[in-house]
Amino acid sequence: MIDPPLNRIGRRMAARGISADRVTLVGLVLGLVAALVIALGAPMLALVPLLASRVADGLDGAVARATRQTDFGGYLDIAADFLFYAMIPLAFVLIDPAGNGAAGAFLLASFYVNGTSFLGFAILAEKHGHRTTAQGQKSLYYSNGILEGTETILFFVLLCLFAPYFAPLAWVFGALCFLTAALRVRAAYRIYVN
Numbered sequence: 030m031i032d033p034p035l036n037r038i039g040r041r042m043a044a045r046g047i048s049a050d051r052v053t054l055v056g057l058v059l060g061l062v063a064a065l066v067i068a069l070g071a072p073m074l075a076l077v078p079l080l081a082s083r084v085a086d087g088l089d090g091a092v093a094r095a096t097r098q099t100d101f102g103g104y105l106d107i108a109a110d111f112l113f114y115a116m117i118p119l120a121f122v123l124i125d126p127a128g129n130g131a132a133g134a135f136l137l138a139s140f141y142v143n144g145t146s147f148l149g150f151a152i153l154a155e156k157h158g159h160r161t162t163a164q165g166q167k168s169l170y171y172s173n174g175i176l177e178g179t180e181t182i183l184f185f186v187l188l189c190l191f192a193p194y195f196a197p198l199a200w201v202f203g204a205l206c207f208l209t210a211a212l213r214v215r216a217a218y219r220i221y222v223n
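When we follow the numbering used here, the leftmost residue of the sequence shown carries the number 30, and every step to the right adds one.
So, in structure tokens, the structure goes:
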């Protein structure tokens, strides 16, 4: 649904000489600005750079498809995504370490485990020559899960809108991330155990 408009914009950006890697880095900077604004106590104001960073995250792939996809570009994109996904919860912990610390640590641990299961699955899929376009054309194998990028962005928006409820929201979302990771490990076991 979002790929056609992103691809149109991506083709225009590519025609102007804007590289996919540059779009990735702009998206990362916007995400880090959002985290800083949250940490400074203004989560509602952080919504603008947060959402702009995610638009850039979608556009970098569109620019790459309009020019050429590179292994480094895919690597840079996933590294920038993981940094962004870590900094937003950390920013909420910094607002109120006593009230948000444990829930934030749990959430970050769940992101770590979920990200590991995602990247590990991608490595196995590559090793076995498996391909998918279920999530669009990507530089690495994207295994499905209960919670993916869209759900995480919606969660971050909820956190910005309802910042006083960070802790209970983080506990629930973190538990769902752990469940997603467990289901991904189970799927890998079913597919890749000889």
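From the three backbone atoms N, C-alpha and C, an ideal C-beta is built for every residue, glycine too.
Keeping to the same chain, check which residues put their C-beta closer than 6 Å to that of residue i; ignore five residues upstream and five downstream.
{"i": "Gly102", "result": "Ala49, Asp50 and Ala93"}
{"i": "Tyr221", "result": "Leu153"}
{"i": "Tyr218", "result": "none"}
{"i": "Ile47", "result": "none"}
Compute the Euclidean distance between the alpha carbons of residue i and residue j, then round it to the nearest angstrom.
{"i": "Ala71", "j": "Ile117", "result": "12 Å"}
{"i": "Ala216", "j": "Ala138", "result": "21 Å"}
{"i": "Ala91", "j": "Asp100", "result": "15 Å"}
{"i": "His18", "j": "Ile107", "result": "Residue 18 lies beyond the range of the chain shown here (30 to 223); nothing can be said about it."}
{"i": "Leu76", "j": "Ala63", "result": "7 Å"}
{"i": "Tyr170", "j": "Leu69", "result": "Low per-residue confidence applies at Tyr170: pLDDT is 44, beneath 50, and the placement is therefore not dependable, though the value from the model is reported in the following sentence. Each residue's alpha carbon lies about 37 Å from the other."}
{"i": "Ala109", "j": "Asp89", "result": "11 Å"}
{"i": "Val122", "j": "Gly130", "result": "5 Å"}
Return no unless some Cβ of chain D is closer than 8 Å to the Cβ of residue i.
{"i": "Leu88", "result": "The displayed structure is made up of one protein chain only, and chain D is not part of it."}
For residue i, report the span of its alpha helix (DSSP H) as first-last.
{"i": "Ser146", "result": "Pro126 to Lys156"}
{"i": "Ile47", "result": "Taken as a continuous stretch (DSSP letters only), Ile47 belongs to no alpha helix (DSSP H), as it is neither H nor E."}
{"i": "Phe179", "result": "Rather than Phe, the amino acid found at residue 179 in this sequence is Thr. Looking at the DSSP string, the run of the alpha helix (DSSP H) that includes Thr179 is Gly178 to Leu190."}
{"i": "Ile220", "result": "Phe195 to Tyr221"}
{"i": "Ala81", "result": "Pro72 to Ala95"}
Leaving aside the five residues before and after residue i along the sequence, list all residues of the same chain whose C-beta is less than 7 Å from its C-beta, in chain order.
{"i": "Phe135", "result": "Ala199, Trp200 and Gly203"}
{"i": "Val186", "result": "Leu76"}
{"i": "Leu61", "result": "Met116"}
{"i": "Ala132", "result": "Phe195, Ala196, Ala199 and Trp200"}
{"i": "Phe140", "result": "Tyr114, Ala115 and Cys206"}
{"i": "Ala81", "result": "Leu59"}
### Sufficient close CB pairs (3 or more, under 8 Å) joining the segment 73-90 to the segment 51-59
yes
### Query
Would you call the segment 34-50 and the segment 150-159 in contact, with 3 or more CB pairs under 8 Å?
no
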